[in-house]
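These notes are about the structure you will find just below.
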Ligand SMILES: O=P(O)(O)O[C@H]1[C@H](O)[C@@H](O)[C@H](O)[C@H](O)[C@@H]1O
Ligand SMILES: [Mg+2]
């Protein structure tokens, strides 16, 4: 049978590489910063420009009629996933890092068909590392296969989490209470790169055992989700149920033992879904 989405997968890698080069170049000039949902939710002209570059390349190749497009900078209201082939992109994941020159910034491009993620590409552009995975075909970094770590003991793990951009005191309290409990298990360490897409690739290549966050969006994690699964890991909801791309929360881990141990400590707080549907408990 003809391999229907291989061309799209290869094109996504090409586009991510070009987008990353644009980001690197833009980092050498003055960066103008605006804010979105809060004073710490940053956006720059580069985020908007790179999203346009990616979308026009994809639309030029695949046409606007047949494919749907969800992007961090152009999705105004809710984003509903349909059965149509859909591109889900974050042009600059780690905008705060980009603004500050903290060297972890990623271009994240995912593709879903019939609501199922088909492939994901994460280009960590400051490190020049290309992570990619296609459903059923393994995960790669710079064309070398990558695998999650085989650690099963939580006390031998490194865990990543982030603080997000909603700094309401009651949410921050829950985030820190969760982190305190995990730190005191004790785990070997807590880390955070400042980009969800890169964090998921760190799980996929075995550098850490798990990454969890509440408050991320579908464009932060769609590509990373394919890469983690194809590297042998799992993605769950923070309540232990199945992962839901639009739920704005997830735990990605090397295995179920680590994931469930983390889930035991997570203090869940409300975060409105990306698709506007009611949030689960
Ligand atoms: O807004 P960008 O695209 O930089 O992405 C987000 C990160 O990916 C989160 O992990 C992180 O916690 C922040 O919420 C950050 O906003
Ligand atoms: Mg992002």
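In our numbering, the protein residues as written are 124 to 404.
We put the CB at the ideal spot given by N, CA and C, even for glycine.
Computed from a predicted structure; not experimentally measured.
If you check the CB distance, residue 319 and residue 298 do not come in under 8 Å.
By alpha-carbon distance to residue 325, the top candidate from 380, 284, 367 and 389 is 284. A straight line joining the alpha-carbon of residue 152 with that of residue 224 spans about 11 Å.
One residue after another in chain order, those with a Cβ under 5 Å from a heavy atom of ligand 2 are 213, 216 and 343.
A Cβ-Cβ contact shorter than 8 Å links residue 304 with residue 388. Contact annotation: the stretch 156-170 does not touch the stretch 179-189, with fewer than three C-beta pairs closer than 8 Å. For residue 209, the beta-bridge partners assigned by DSSP are 191 and 235.
A straight line joining the alpha-carbon of residue 197 with that of residue 286 spans about 24 Å. The stretch 366-375 and the stretch 336-353 touch, with three or more beta-carbon pairs separated by less than 8 Å.
Ranking 217, 364 and 394 by CA distance to the CA of residue 230 puts 217 first.
Judged by DSSP secondary structure, residue 334 falls within the beta strand (DSSP E) whose first and last residues are 333-337. In this structure, residue 391 lies near residue 362, with their beta-carbon atoms less than 8 Å apart. With a cutoff of 7 Å, residue 354 does not count as near ligand 1, since its C-beta is closer than that to no heavy atom of the ligand.
Residue 179 sits in a helix when the DSSP states are folded into three classes.
Distance from the C-beta of residue 158 to the nearest heavy atom of ligand 1 is not below 7 Å. With respect to the 8 Å criterion, residue 214 and residue 173 are classified as neighbours on the basis of their beta carbons. Non-local beta-carbon contacts of residue 203 in its own chain, meaning distances under 7 Å to residues more than five positions away in sequence, involve 398 in chain order. Annotation: residue 180 to residue 139 spans about 10 Å, alpha carbon to alpha carbon.
Under the criterion of beta carbons closer than 8 Å, residue 227 and residue 128 do not qualify as touching, at roughly 29 Å.
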